[in-house]
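Inspection log for the structure reproduced underneath, given as structure tokens.
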Amino acid sequence: MRTFYIVALNQLKRTLRMRRVLINMFLLPLIVISLLGTALGSVNDMGGAEDAKIDPVTLALVKSEDSPLLDGYLSDEGVARYLNVVEVPDRQRAQENLRTGEADYALIAAPGFDRAVVSGRAASLELIRGSSHSENRVAENVLRPFIDALNDRSAAAKLLGPQALQTYEQLPAALAQVQDGVLGAEGGSYTAFQYYAASMLVMFMMYSGLSLSGSLHGERENRTLQRMYAMPIRPIHLFAGKVAAAGAVAGLQSLNIILISKWGFGVDWGGRPWMLAAVCLLMIVFTMGMAITVTFLTTTQPQSASIMQGLIVAMTFLSGGYVPFEGWIQKIGNFTVNRWASESILRMMLHEPAGHIGASIAILALISALLLALALTVYGRKGYAYE
Amino acid sequence: MSFVEIKDVVKRYGSRISVDHLNLNIEEGEVLGLLGPNGAGKSTTIGMICGLIGIDSGEVRVGGLSVKESPMEVKRMLGLVPQDLALYEKLPAEENVMFFARLHGLRGSLLKQSVKEALEFVGLEDKAKELPATFSGGMKRRLNIACAIMHRPKLVIMDEPTVGIDPQSRNHILEAVRELNRAGSTVIYTSHYMEEVEAVSSRVAIIDRGHLIASGTQSELCERAAQQERILLQVTPVTEELLRELKEHPRIEAVEADGDRITLYLSSAQRSLQDVLFICARHEALIGSLECEAPNLESLFLNLTGRTLRD
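Following this line, the structure appears as structure tokens:
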């Protein structure tokens with residue numbers, strides 16, 4: 001075991017003396033987090049940036065007679081916060097208002113709307129969208145509880161008969177239906193800094209695998225491996241020492257990113273340090289596994305460096321580490337380790353329950369364990385030969 | 388019992404035999420010069436002695452221990468100076484030696500003392516804190532030696548330790564080999580340079596195509612080489628009568644003619660030289676050049692293998 005410590009310490013010393021390593025592994029991540037966090041801080045559609053402020057939407061309302069049901073709903077405090085109601089005489093005027101931008105959305109109630117609703121007959125409401133996608137969305141979200149309640153009544157009357165309407169004495173209170181939501185169960189939300197701190201932590205930890213690969217190939221190419229194998233040491237101790245040193249550098253790197261981003265950029269990593277440590281540890285296991293597998297399946301340092309860099313960039317991209325994605329890319333991203341590591345960390349940042357975070361960590365652990373098993377199999381078959 | 392015993396060793400790489408039933412003994416305290424052209428099997432033989440390369444059949448024993456059965460014990464007795472520089476360029480010279488010394492189990496004051504002595508031994512004590520990246524080729528070669536001998540090994544194996552260095556560093560290294568030997572180490576020294584082997588070796592072994600083709604002290608081998616000396620002549624004209632008379636001379640064993648060049652194989656060039664000149668004069672052959680090839684390891688090697696060492 002003494003060999004293990006000697007090799008590990010020597011490797012650690014040599015790695016930390018390399019200016020290139022210090023810059024790439026300790027300084028560059030902080031610069032990237034700072035740049036991305038600052039530059040993309042204003043982009044709201046990240047799936048997790050700060051909550052956007054929702055401006056009220058102007059609703060052009062057409063009703064040919066009084067409608068206490070509609071008036072009651074639209075005058076509710078929760079609804080009025082998002083809808084400015086402007087009554088217009090007819091459908092044509094409503095459409096003109098939409099074209100000119102005087103209204104963002106239009107709602108047209110057919111004559112006898114209230115009577116139809118109360119008696120359980122078919123009641124008709126016409127919704128006309130405006131030109132703004134986001135304002136249409138706001139209006140539809142605010143009106144949805146009202147329309148859902150109408151549909152419920154209508155369905156109940158059709159299925160069970162008019163007597164069922166006695167249980168629907170009044171439509172649901174609007175205030176209960178339209179509420180401000182916040183991300184996270186306990187009211188937290190993550191900023192662009194937090195988002196990129198998580199994704200860059202994961203990405204740059206993977207870069208520590210390049211350091212291991214370089215050191216394993218380097219001993220071979222420098223011929224120091226041949227010299228060491230002519231000494232009374234066990235190859236497994238030598239190999240383990242080098243892996244441990246690279247793992248320690250990755251650990252120091254993660255600590256550096258977490259602490260400096262916390263103190264320097266105000267990144268809140270959540271209040272679960274042990275879970276964060278577990279994610280970092282699993283990422284180290286994954287990274288070492290990837291480095292060992294690639295190193296022993298290639299013959300030169302440039303070969304393995306190219307493959308690993310390609311894998312790291314591709315996995316970071318697909319997992320939304322640079323820019324968040326939706327759709328099929330997001331689905332592919334589910335197969336990357338970055339996705340689960342970042343998600344674990346983001347859930348910690350959102351102060352989600354331990355069970356939710358644990359689920360993401362469990363998947364990360366499974367992926368890491370599989371890759372470690374693959375790495376050990378490759379090592380067992382190929383060995384760390386000196387030429 | 389010899390200190391190093393190589394018994395009927397075979398090593399194959401696929402269908403190619405690198406070492407073919409090699410038998411070689413090295414006595415304790417001697418410096419063995421191991422000679423052979425590229426691909427002769429020298430490095431493979433060294434690799435098997437060091438436990439770096441597995442043996443297909445046969446046995447290698449060092450200090451009475453089998454390399455196969457007791458590799459760790461054997462490696463404790465060894466100091467390998469590899470053919471290629473095996474150093475950390477970005478680690479100061481002293482730390483290079485210290486790292487390898489630690490792997491050999493040295494620690495505490497013995498570690499510091501050994502590292503200091505090793506650097507002094509190769510004349511790099513004043514460069515201890517400097518990076519090998521800034522060293523000349525000769526200094527790197529010397530550091531390469533220091534990293535192999537700081538634990539005072541019983542057997543030092545030097546695989547072409549003077550490749551590509553200046554004469555001053557070469558002399559330093561050759562003197563270091565003698566010093567190591569005086570201090571009690573057995574040394575195996577391989578080289579392409581015959582004069583180096585002649586300068587440091589007490590015994591020489593020549594291998595070719597995985598076979599041992601000659602071994603003995605330098606004087607024994609030179610005596611064997613002296614059994615067939617050569618005289619190289621350039622004369623004009625080369626006539627049938629001239630060649631016939633040379634062939635009929637009782638001390639000339641063979642005559643080869645190639646254009647105006649004639650090679651004479653004979654047991655003693657010195658004793659026959661006057662006769663050769665007389666025969667040439669009688670046939671009115673003008674001598675352009677004449678060379679007597681003195682017996683040495685190079686000519687023996689050429690004679691035995693048909694190749695020069697640098698082929």
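Same order as they appear, the protein sequences are chains F and R. Counting from 1, one number per residue, gives the positions in the first sequence under this note's numbering. Counting from 388, one number per residue, gives the positions in the second sequence under this note's numbering. Using N, Cα and C, we set each Cβ at its ideal position, and we do this for glycine too. Quick caveat, the model's predicted, so the values are computed rather than measured.
Query	Result
Are any of the Cβ atoms in chain F nearer than 8 Å to that of R:L699?	Past the edges of chain R, shown from 388 to 698, lies residue 699 of chain R, and the structure says nothing about it.
Assign F:Y195 to buried or exposed, taking buried as 16 or more other Cβ atoms, counted over all protein chains shown, within 10 Å of its Cβ.	buried
Distance, Cα to Cα, R:G426 vs R:I575?	18 Å
Between R:L629 and R:A668, how many whole angstroms is the CB-CB distance? I'm expecting something under 8 Å.	Actually they are not in contact, since the Cβ atoms of R:L629 and R:A668 sit about 11 Å apart, beyond 8 Å.
So that I know if they touch, is there some Cβ in chain F lying closer than 8 Å to that of R:A672?	no
Would you check if the distance between the CB atom of F:V62 and the CB atom of F:R91 is smaller than 8 Å?	yes
Using alpha carbons as the reference points, say which of F:M1, F:S67, F:L16 lies closest to F:S215.	F:L16
Any idea which residues DSSP pairs R:Y652 with across the strands?	R:R617, R:A641
In three-state DSSP terms, what is F:N256?	helix
Just reading off the alpha helix (DSSP H) that F:N222 is part of, what are its end residues?	192–222
Determine whether the beta carbon atoms of R:V391 and R:I442 lie at a separation below 8 Å.	no
With a cut-off of 8 Å, does the C-beta of F:R223 fall near any C-beta of chain R?	yes
Could you please tell me which residues of the stretch 225–245 of chain F, in chain order, have their CB closer than 7 Å to any CB of chain R?	Q226, R227, M228, Y229, A230, M231, P232, I233
Should the stretch 76–85 of chain F be regarded as contacting the stretch 137–145 of chain F, the criterion being three or more beta carbon pairs within less than 8 Å?	yes
Alpha carbon to alpha carbon, how far is F:R19 from F:T293?	27 Å
With a threshold of 7 Å on Cβ separation, who are the neighbours of R:K477 within its own chain once the five nearest residues in sequence on each side are excluded?	L518, A520
Does chain F have any CB closer than 8 Å to the CB of R:D443?	no
For the stretch 593–608 of chain R and the stretch 417–424 of chain R, state whether three or more C-beta atom pairs, one from each stretch, are separated by less than 8 Å.	yes
Is R:A480 near R:N531, with beta carbons less than 8 Å apart?	no
Compare the C-beta of R:D471 against all C-beta atoms of chain F and say whether one is closer than 8 Å.	yes
Please name the residues in the stretch 12–26 of chain F whose beta-carbon is closer than 9 Å to at least one beta-carbon of chain C, in chain order.	Looking at the structure shown, chain C is missing, and the protein chains on hand are F and R.
Leaving out five residues on either side along the sequence, give the residues of the same chain with a beta carbon under 7 Å from the beta carbon of F:I233.	T3
Tell me whether R:H598 sits in a helix, a strand or coil according to DSSP, three-state version.	strand
Would you mind stating whether R:P469 and F:R227 have Cβ atoms separated by less than 8 Å?	yes
Reducing DSSP to helix, strand and coil, say where R:M537 ends up.	coil
Against chain F, with Cβ distances strictly below 8 Å, would R:F486 count as a contact?	yes
Under 7 Å between beta-carbons, which chain R residues line up against F:N338? List them in chain order, please.	In chain order: nothing, as chain R lies at least about 32 Å away.
Evaluate R:D546 with the Cβ neighbour count: other Cβ atoms within 10 Å of its Cβ, from every protein chain shown; 16 or more gives buried, anything less gives exposed.	buried
For F:S344 and F:A375, what's the separation of their Cα atoms in angstroms?	24 Å
To the nearest angstrom, how far is the alpha carbon of R:S691 from that of F:L210?	The sequence given here has Leu at residue 691 of chain R, not Ser. Roughly 51 Å separates the two Cα atoms.
Run through DSSP, which three-state label would F:T336 get?	coil
Any idea if F:G247 is buried or exposed, counting beta-carbon neighbours within 10 angstroms, 16 or more meaning buried?	buried
Would you kindly report the start and end of the unbroken beta strand (DSSP E) that includes F:D114?	First-last for F:D114: 113–119, but that is the alpha helix (DSSP H), not the beta strand (DSSP E).
For a contact meaning CB atoms closer than 8 Å, what does R:R539 contact in chain F?	The contacting residues do not exist; R:R539 stays about 14 Å from chain F at best.
Using a Cβ-Cβ cut-off of less than 8 Å, give me the residues of the stretch 368–387 of chain F that come near chain R, in sequence order.	Y386
8 Å is my cut-off, CB to CB: does F:T3 come that close to chain R?	yes
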